[in-house]
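Sequences listed follow chains C and W, in order. Going by our numbering, the first residue of the first sequence is number 1, and it counts up by one from there. Going by our numbering, the first residue of the second sequence is number 1001, and it counts up by one from there. First up is the structure itself, then whatever we jot down about it.
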Amino acid sequence: MPITVPAYGKEAAGRLASMADVTADDGALRRFLHGLPGVDAVGLEARAATLGTRSIKTTAKAYAIDLAISMIDLTTLEGADTPGKVRALCAKGVHPDPTDRTSPKVAAICVYPDMVATAKEALGDSGIHVASVATAFPAGRAALPVKLADTRDAVAAGADEIDMVIDRGAFLSGRYMDVFEEIKAVKEACARPDGSAAHLKVIFETGELQTYDNVRRVSWLAMLAGADFIKTSTGKVAVNATPPVTLLMLEAVRDFHATTGVQVGVKPAGGIRTTKDAIKYLVMVNETLGEPWLTADWFRFGASSLLNDLLMQRQKLSTGRYSGPDYVTVD
Amino acid sequence: MTFDYAPAPESRSVVDIAPSYGLFIDGEFAPASDGKVFKTVSPSSEEVLSEVAQATGDDVDRAVTAARKAFEKWSALPGAERAKYLFRIARIIQERSRELAVLESLDNGKPIRESRDADLPLVAAHFFYYAGWADKLDHAGYGANPRPLGVAGQVIPWNFPLLMLAWKIAPALATGNTVVLKPAETTPLSALFFADICRQAGLPKGVVNILTGDGSTGAALVAHPDVNKVAFTGSTDVGKAIARTVAGTDKKVTLELGGKAANIVFDDAPLDQAVEGIVNGIFFNQGHVCCAGSRLLVQESVQDELLDALKRRMQTLRVGDPLDKNTDIGAINSAEQLARITALADAGEAEGAERWSPSCELPSAGYWFAPTLFTGVTQAHRIAREEIFGPVLSVLTFRTPAEAVEKANNTPYGLSAGIWTEKGSRMLWMANKLRAGVIWSNTFNKFDPASPFGGYQESGYGREGGRHGLEAYLNV
């Protein structure tokens, strides 16, 4: 399942280039981001809640469960991670349900940079990607050269995807250009000697950005800077992915695509633990961006415990009975 | 592969609809005096659901007499005692809400998503709210010990059968009045189920009486000399006829009539949420809403952007089986209403407005109308002036706030309006200038029992809901 980099048509490239003037300087960027339509919190949350009431049953549920499994970035981001733990996770990613080989594989295994080589080796030619959180994850509090070195290190070790955190302090103090330049620099650091590049996911830590207006602005900022994916959160703070924040990011991606022709992916991360929740997110994607985004190339779940619930629901659909946690593997 | 939602129908088995129903008079179900009945059908399938009695003038008389008799004891009860009954009714409605939601969707054609998530919670909330007032009438602002009026004759429409019943019955009972209510001809069932709830709650006989029938029943009820208060929600034409009937009598009247609300979107509005508000404003309940935002006034500078977004959003609306939990737009309530909507939409086209609907397949049986958008509408078009009462949105444009106010107010109606802007000062300025009973800001079609509701001009007079809603049932 190789990630297809969108083939920007001439027209799209032109439209993107015409956006260049909004990032010409600090003032232009600020004016542009603050000129985006506001977000009414009550209305956004009401819409997300309404989409959450879609009732997904039988064939649609089976489809959604398999789709959700194929979109998971199966994640372990603990200080206590060992090569053994990472190898176990990789094995699970390849065969999520040992009793049922029809289960799809996950999209990627997400680890810290020092575990990339281990994961890469364990995954072999399974086609599963290795994603790595670089740039001084999760706080992002390090000097730019350190962040870039972190990124290059992960790419050199074989990471297919880099999940970078933005400097929330710079964003909140209004230094948008600093954030923009940093994303651009990290994107450049994703380049490999052979001319290819690791995919860049930009993590906003929306729980720290607090307002929905900020989320819309930071989404545009990251997309203008060249993010391949925009991602809600690190999973390391109190508030991580929420349906309204994800919906808002999907809307920003939709509008960016309409404006520039460039397709960007979305990854909610943290706190998505149940099949029911995952399906709500898929419904949001379906009704906001539609079919082109309903693949692992353009939508991911950052999760560690979601997979087991999806597998139990999958078993329930195929057998008609609930099995229980002993019928799926612990990582 | 595509992510098609498999059908997710709500089960009908939670509702037990009898093959026929009588009139609910003095705590008992009884046939009409001349034995006449009529059928009620499900608008989504044209299936006959049940037969109900056609009340005659004699039946009206019997019901009013029963209500008059019950009034003596009911009005003499301490407010706290009346509150107990109302609280009990509210709780029974909550307990039976699934059953009532399915029933309402079957009889009315509205999607279960709305009857389950909007109608029923609001029905219970109205009874809870007015139950709370029953022992506090001394503090409602009408002086100490305000007195009830007597027998209330209430006639309600088919768009929100149970919710309109709650709007009428809850304040009437809380203030010590007794009630004779006539539900709409096409949607009588939930009122008859409510009669059963009254019995379940042990409500004294005669306090609530339900008469099913057509317009003639309603006319007889309104004209009955022993009715002290008339409350009507429905069309402006019928409202005018009622006003003529009661003119010169000492009956107190409230009328909630038609509307042609303006939903005004400024260029600084939160556009994504405005699109949702527009959709909710006109396509909620198939547009069968008297306060529906049927005229979209959009600032010219964002017209293209907003209309693109609106059309894109309309493509995702799901039209079909009202009992499917994923249905957004259900069936038109009756063949007559469908004919009226069709005629007005055709007039829109004939007068030169541009018509647009998303591609959606409509079921073959039942009464259906695709969500429809008209652009290039001017104030001179019929579709900008007449109430369509269906899923048809007319889009007009404006350039300045003053022009928006002028166009919004240029209507014989005045029930509601919506303003979409991020600028608080402009929102408040607009709200002061608009002649409408309810003005929503950055939202639309939000209802709350504590909030008064009512109209200007041909949208009627009097207020329902909130503390203001008590006045209509008190001798003040």
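Glycine included, every Cβ here is placed at the ideal spot set by N, Cα and C. These numbers come from a predicted model, not from an experiment.
The continuous beta strand (DSSP E) containing residue 162(C) extends over residues 161–165. Listed along chain C are 43, 46 and 47, each with a C-beta nearer than 8 Å to that of residue 1276(W).
Contact of residue 56(C) with chain W is assigned, a C-beta pair being separated by under 8 Å. Residue 1188(W) sits in coil when the DSSP states are folded into three classes, being neither helix nor strand.
Proximity of residue 286(C) to chain W, defined by a Cβ-Cβ separation below 8 Å, is satisfied. With contacts defined by Cβ atoms closer than 8 Å, residue 1120(W) and residue 1097(W) form a contacting pair. For residue 1171(W) and residue 1255(W), the gap between their C-alpha atoms comes out near 15 Å. Assignment of residue 1468(W) by DSSP, reduced to helix, strand and coil, places it in the helix class.
Under the rule that a run must span 4 or more residues, the alpha helix (DSSP H) segments found entirely inside the segment 1131–1189 of chain W read 1161–1174. When the Cα atoms are used, residue 162(C) and residue 196(C) turn out to be separated by approximately 13 Å. Residue-level contact by beta carbon fails for residue 1304(W) and chain C, as no gap is shorter than 8 Å. Per DSSP, residue 1288(W) has no beta-bridge partner at all. Here DSSP, grouped into helix, strand and coil, assigns residue 1386(W) to coil.
When DSSP reads this structure, residue 1263(W) sits in a beta bridge with 1296(W) and 1418(W). Beta bridge pairing from DSSP links residue 201(C) with 163(C) and 229(C). Between residue 209(C) and residue 186(C), the beta carbon gap of about 19 Å keeps them out of contact (Cβ cut-off 8 Å). Beyond the five residues adjoining it in sequence on each side, residue 282(C) comes within less than 6 Å, by CB distance, of 64 in the same chain, given in chain order. For residue 1381(W), no alpha helix (DSSP H) segment is defined, and its DSSP state is neither H nor E. For residue 1440(W), no alpha helix (DSSP H) segment is defined; the enclosing uninterrupted segment is the beta strand (DSSP E) at 1438–1441.
The segment 1119–1137 of chain W makes contact with the segment 1155–1171 of chain W; the number of CB pairs closer than 8 Å reaches 3 or more. Proximity of the segment 1037–1048 of chain W to the segment 1224–1241 of chain W falls short of the contact definition, fewer than three beta-carbon pairs being nearer than 8 Å. Within chain C, not a single residue places a beta-carbon under 8 Å from that of residue 1108(W); the smallest gap is close to 20 Å. Any Cβ of chain C closer than 8 Å to the Cβ of residue 1003(W) would place that residue at the interface, and such an atom is present. A contact is defined here as three or more CB-CB pairs under 8 Å, and the segment 1021–1031 of chain W meets this definition with respect to the segment 1047–1063 of chain W.
One alpha carbon belongs to residue 117(C), the other to residue 86(C), and they sit about 10 Å apart.
The C-alpha of residue 1252(W) lies about 17 Å from the C-alpha of residue 1467(W). In chain C, no part has a C-beta under 7 Å from the C-beta of residue 1448(W); the shortest such distance is about 14 Å. Relative to residue 1149(W), the option among 1197(W), 1215(W) and 1250(W) whose CA is nearest is 1250(W). Between the alpha carbons of residue 1383(W) and residue 1355(W) lies a gap of roughly 11 Å. For the set 1210(W), 1045(W), 1292(W) and 1231(W), the Cα lying nearest the Cα of residue 1031(W) is the one of 1210(W). For residue 222(C) and residue 102(C), the gap between their C-alpha atoms comes out near 37 Å. The Cβ-Cβ distance between residue 1437(W) and residue 1465(W) does not fall below 8 Å. Inter-segment contact for the segment 305–324 of chain C and the segment 176–183 of chain C is absent: fewer than three beta-carbon pairs are separated by less than 8 Å. Annotated three-state conformation of residue 1230(W) is strand, per DSSP. Contact between the segment 262–269 of chain C and the segment 228–247 of chain C is established, with three or more Cβ pairs separated by less than 8 Å.
If only uninterrupted beta strand (DSSP E) runs of at least 3 residues are considered, those enclosed by the segment 1044–1083 of chain W are 1047–1053.
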